[in-house]
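A short write-up of the structure that comes next.
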Amino acid sequence: MQITSKLPKSEITIFTVMSALATKHKAINLGQGFPDFDCDEGLRNLVAKYLNDAKNQYCPMPGLFDLRKAISDKIQLTAGQSINPNEEICVTAGATQALFTAITAFVHPGEEVIILEPAYDSYIPSIQLAGGIPRGYQMVYPDYAIDWNEIENMVNEKTRMIIINTPHNPTGTILNKTDLEALENIVADKDIIVLSDEVYEHLIYDGATHQSVIRFPKLYQQSLAVFSFGKTFHSTGWKMGYAVGPKHLMDEFKNVHQWNVFCVNSFTQYALAEHLQTPANYTTLPAFFEQKRDFLTNSLKDTPLIPKLSQGTFFQLFNYAALSDMEDGEFAKYLTREIGVAAIPLTPFYSKPTGDKVIRLCFAKKEETLAVAAERLTKLG
Ligand code: PMP
Ligand code: GLN
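For the sequence shown, my numbering begins at 663 and goes up steadily by one.
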């Protein structure tokens, strides 16, 4: 049989490649972003409770009401905005599905989507499957700042969507209020949707405030924001997330969601709804992860690896130019094989290689894991 791939240039994701290499070489995996500690015991008990309490049939299509209500209460508390749980929230199978559903719902063949590179690796294939055309704006090491005038110049009559990500994977940068205001001005009165990837909303450091599109009432009317319980509650394997947007966009999002998955896993939704009743379960995250960031950075301070201090996410970039001329993919493999620490190169997040000598390390690990990784990395140079 002859099949024609819709993604002929697609390769196995760098996360899978590096995790497989880490397993093969018994390396400490600071590559793929996931914690090596378990999620909260109370949350696991809630999941078990609801699983054993016959909460095993379909939920309402946009998600369990109690969970949507708990999400809306969280938004009121953290962003001071009132979100209607019936109309503006849809629970999804992780942020990846939310991103895919949003792109599928709004991007028509031939329409353009502006992405900010380095960009999370699911954006381009999702845009291409919708027949859309990704247009990359390159953010430059070490600041990865965005010149919004250049973004404005990229906008034309075919532009349907702009995808932003704050806190940003892989760079660990965050957008500030003036960035969001500039974006609000660019899309004002245009048929452009802002897809805002905010999966690391609670992983933000040094006292900074997460600038969600939800905080900007005018911008919000043109936006869909996506979130991940995997990141917030150390449970990446559950693939639970949600999308938030104004009714006129959410109706169309749900129109696609119902044919995509209809609804997602039921008993986990009951458990998450209850776990969200305690705000400390997410408000303590910045301090928790900031300590890990500082531990890793301090442990490596006498090595030639130069950190770019992470402002958010659980990733920290390191420049290795003082150590090697290898390109980043090769260097990440060398570290995994020879030093016993797996890392993620940045090139797969770009459509055009930059030549930057920068790798990403994940610090969502137990302190003892970070300590052993740091000890191995200290051998460098
Ligand atoms: N967006 C970004 C920026 C990510 O880093 C990830 C990976 N967690 C996702 C989306 C996907 O999240 P999920 O695992 O909930 O699908
Ligand atoms: N978001 C995770 C990361 O950036 C990986 C998710 C995945 O493996 N698809 O490392």
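Cβ atoms here follow ideal geometry from the backbone N, Cα and C, with glycine treated the same way.
Source: prediction; values computed, not measured.
Which runs of the alpha helix (DSSP H), 4 residues or longer, sit entirely within the segment 735-780?
756-768
Is DSSP giving D859 helix, strand or coil here?
strand
Rounded to whole angstroms, what's the CA-CA distance from G704 to Y932? Just pull it up for me.
13 Å
Please state the DSSP three-state secondary structure of S885.
strand
Can you grab the Cα-Cα spacing for the pair T1031 / M816, in whole Å?
44 Å
Helix, strand or coil: which one does DSSP assign to L669?
coil
Could you check where the beta strand (DSSP E) with K977 kicks off and where it finishes?
Correcting the residue type first, residue 977 is Phe in the shown sequence and not Lys. Residues F977 to N981.
Which term fits N831, buried or exposed, when burial requires 16 or more other beta carbons within 10 angstroms of its beta carbon?
buried
In the DSSP output, which residue or residues are listed as bridge partners for A1004?
N691
Any idea if F1060 is buried or exposed, counting beta-carbon neighbours within 10 angstroms, 16 or more meaning buried?
A question about residue 1060 goes unanswered here, because the residues of the chain that appear run from 663 up to 1043.
In three-state terms, what does DSSP make of G1058?
The structure shown does not extend to residue 1058, since the chain is modelled only from 663 to 1043, so the question has no answer here.
Cβ contact (3+ pairs, closer than 8 Å) linking the segment 715-727 and the segment 853-862
no
Residue(s) in a DSSP beta bridge with G974:
I866
For a test of your reading of the model: does the CB of T754 fall under 7 Å from any non-hydrogen atom of ligand 2? Yes or no.
no
Could you tell me how far apart the beta carbons of K1027 and L692 are, in whole angstroms, since I believe they sit closer than 8 Å?
7 Å
Contact defined as beta carbons within less than 8 Å: I believe A1004 pairs with A689. What is the distance between those atoms, to the nearest angstrom?
5 Å
Which first and last residues belong to the beta strand (DSSP E) in which V906 is found?
G903 to V906
According to the Cβ coordinates, are I866 and G974 closer than 8 Å?
yes
For F768 and Y806, I'd like the C-alpha separation in whole angstroms.
28 Å
Specify the secondary structure class of L782 as computed by DSSP and reduced to three states.
Residue identity differs from the one stated: residue 782 is Tyr in this sequence, not Leu. Reduced to three states, the DSSP call for Y782 is coil.
Mapping DSSP to helix, strand and coil, what is G798?
strand
Cβ of T758 versus every heavy atom of ligand 1: is any distance shorter than 7 Å?
yes
Do W810 and L842 have their beta-carbon atoms positioned less than 8 Å apart in this structure?
no
Among R797, S744, C752 and L778, the one whose alpha carbon lies nearest that of G772:
R797
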